[in-house]
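Encoded as structure tokens, the structure appears first; notes follow it.
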Amino acid sequence: MGALLADTMASTATPGLRHTLEVFLAAVVPGLERWDSESASAVTALPPPTPPPECEQLAGEPALPQPSLLVFGRYWQLALGESESHLWVLVGERTLACTGQYRTAKEVAASWIAAASERLREAWQQQRLSWQSRLPGMEESLAELEHGKAIEHGDLVLVNGSPPLLGYVLPERSRNVAICAHLGSPIQVPPSVLAVFERRGDGAWAMASRAHGVCMGPQPDMSGWTEASRAVALALYLRFAAVRFAANGKFHEQD
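Following my numbering, the numbering of the sequence shown begins with 32 at its first residue and continues without gaps.
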């Protein structure tokens, strides 16, 4: 549910720096903290974030075929009566036979996600102001982002731009270099373009001028990130890239 809400927030067409900051503070930062906490079975300083209670009600429950029987990823439709050619089930004193019609679990999940996302998207648009109050330091962060063009939260960096960029600080080089990608809508994982940003002497972040660009090399195995929202998956990808570039000592094979 948290991943669904995060994806809905990130994909809602609400242009502007405030919306981007909401995605960063309410989806990316806590989502990555929760991912690390659950992956390492560790206790973090912040409790795992949960969606507002009204989100659970808005999302509802998946509409399952009734009555039906789940077998090997398929919801088989049942009807009163017996059948010699199909499976049949005893429920108390009733006999239910398989009609031969079914819906796959993937189809049921996709239908629920589409319907729930639409309801959440409408609610998000209507209740943004009330939900913003749940984000501590929202106004201060917005002012800092507008003035300094970037804000940092741990190893994550949000750079003001068109579109804004999400970055992850390399674990060396005095923490003055970050690998960044567009935090646009829709969020792309893997991102189509990577950029190197450097922290200047005044503390501001600026794109580094590079003759050879940025070459990621072989893509990482992202199959383990399927449970994360796309916003968190992008942060995980950038962290992987930051570690790889730090280990290689260069951003392009011709460097």
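Note that the Cβ used here is the ideal one computed from N, Cα and C, for glycine as well.
- Task: Return yes when the Cβ of TRP107 is within less than 9 angstroms of the Cβ of GLY123, no when it is not.
- Result: no
- Query: Which word fits LEU214, buried or exposed, when buried means at least 16 other C-beta atoms lie within 10 angstroms of its C-beta?
  - Reply: Answer is buried; the Cβ neighbour count reaches 16.
- Task: Could you say which of ALA128, VAL227, ARG230 and PRO195 lies nearest to VAL54 if we only look at CA atoms?
- Result: PRO195
- DSSP state of LEU197, grouped into three classes? Note: LEU197 maps to strand in three-state DSSP.
- With a floor of 3 residues, list each beta strand (DSSP E) that falls wholly inside the segment 220 to 255, ordered by position along the chain. If we require 3 residues or more, the beta strand (DSSP E) runs fully inside the segment 220 to 255 come out as 226 to 230 and 236 to 238.
- Task: Keeping to the same chain, check which residues put their C-beta closer than 7 angstroms to that of VAL245; ignore five residues upstream and five downstream.
- Result: LEU225, ALA226, VAL227, PHE282 and HIS283
- Query: Any idea what DSSP makes of ILE210, helix, strand or coil?
  - Reply: strand
- Take ARG65 as the anchor and find which of PHE276, GLY280, PHE271 and LEU267 has the nearest alpha-carbon. LEU267
- What separation, rounded to the nearest whole angstrom, lies between the Cα atoms of ASP186 and CYS129? 54 angstroms
- Message: If you reduce the DSSP assignment to three classes, tell me which class LEU48 lands in.
- Response: Annotated three-state conformation of LEU48 is helix, per DSSP.
- Item | Spatial distance of GLU229 from ARG206 (CA atoms) | 9 angstroms
- Query: With a CB to CB cut of under 6 angstroms and the five nearest residues on each side skipped, what residues in its chain are close to ARG270?
  - Reply: TYR199
- Item | Spatially closest choice to HIS50 from GLU170, GLY280 and LEU109, by CA coordinates | GLU170
- Task: Quick one: measure Cβ to Cβ for GLY62 and ALA262, integer angstroms, because I've assumed they're closer than 8 angstroms.
- Result: Yes, they are in contact, since the Cβ atoms of GLY62 and ALA262 sit about 6 angstroms apart, within 8 angstroms.
- Query: Who are the Cβ neighbours of GLY192 in its own chain at under 7 angstroms, not counting the five residues just before and after it?
  - Reply: none
- Is there a Cβ from chain C that is less than 9 angstroms from the Cβ of GLU183? No chain C is present in this structure, which holds just one protein chain.
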